[in-house]
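Participant: Each position in the sequence shown, counted from 1, maps to that position plus 79 in the working numbering.
Glycine included, every Cβ here is placed at the ideal spot set by N, Cα and C.
Got a structure here, written out as structure tokens. Questions coming.
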Amino acid sequence: MFEACTRQFVCCLMLTPGLGLAEGAVRQFDCAIVRSCNNSGACTPHSGKMTFSMAPVSTAQDGSGRFEIKYGSVRAPMQSLSDVGPFHWKVGEEQNTLLLNSEREMLWHQLNIGTSATATVLFMTCRHRP
Numbered sequence: 080m081f082e083a084c085t086r087q088f089v090c091c092l093m094l095t096p097g098l099g100l101a102e103g104a105v106r107q108f109d110c111a112i113v114r115s116c117n118n119s120g121a122c123t124p125h126s127g128k129m130t131f132s133m134a135p136v137s138t139a140q141d142g143s144g145r146f147e148i149k150y151g152s153v154r155a156p157m158q159s160l161s162d163v164g165p166f167h168w169k170v171g172e173e174q175n176t177l178l179l180n181s182e183r184e185m186l187w188h189q190l191n192i193g194t195s196a197t198a199t200v201l202f203m204t205c206r207h208r209p
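Set out below in structure tokens:
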């Protein structure tokens, strides 16, 4: 089931005008954060919003490569292992990973590697902004 959803998501990304992974093709996602879980697995409802902008810098044909991610006041270099992620970036001592779950769902893992490692996983429902 996950493989089918991933294929559908990739098809949606590739068939939507302006979404190819060529240099300069920016993907934007408007996300609603619906749940937040801490590193011990305790989850609580969440009602935040976040918009992600991913601009390719240097990508291979499979979509892997370097990107720039922007959200809120953050602008950071980002790496991707394929056209559907996972997407990795670092802000200060926080390592971030964005994972696509389905056509409309993403997970955002935030690992703070300061004096004691703590993690948060945000469950998000997202929509691609054309």
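Please report the straight-line C-alpha distance between R154 and R145, rounded to a whole angstrom.
Facilitator: 13 Å
Participant: Using 10 angstroms around the beta-carbon of D141, count the other beta-carbons present and answer buried if the total reaches 16, otherwise exposed.
Facilitator: exposed
Participant: Between which residues of its own chain and T123 is the CB-CB distance below 6 Å, once the five residues before and five after are set aside?
Facilitator: Residues S115 of the same chain have their beta carbon placed closer than 6 Å to that of T123, with the five preceding and five following residues left out of the count.
Participant: On a Cα-Cα basis, can you pick out the residue from G164, S137 and D109 that is closest to R188?
Facilitator: Contrary to the premise, residue 188 reads as His rather than Arg in this sequence. Looking from the CA of H188, the closest CA among G164, S137 and D109 belongs to G164.
Participant: Return the CA-CA distance between A196 and E173, expressed in angstroms with no decimal places.
Facilitator: 9 Å
Participant: Enumerate in chain order the residues of its own chain whose CB-to-CB distance from V136 is below 8 Å, with the five nearest sequence positions on each side excluded.
Facilitator: The answer, listed in chain order, is E102, G144, R145, F146, E147 and P156.
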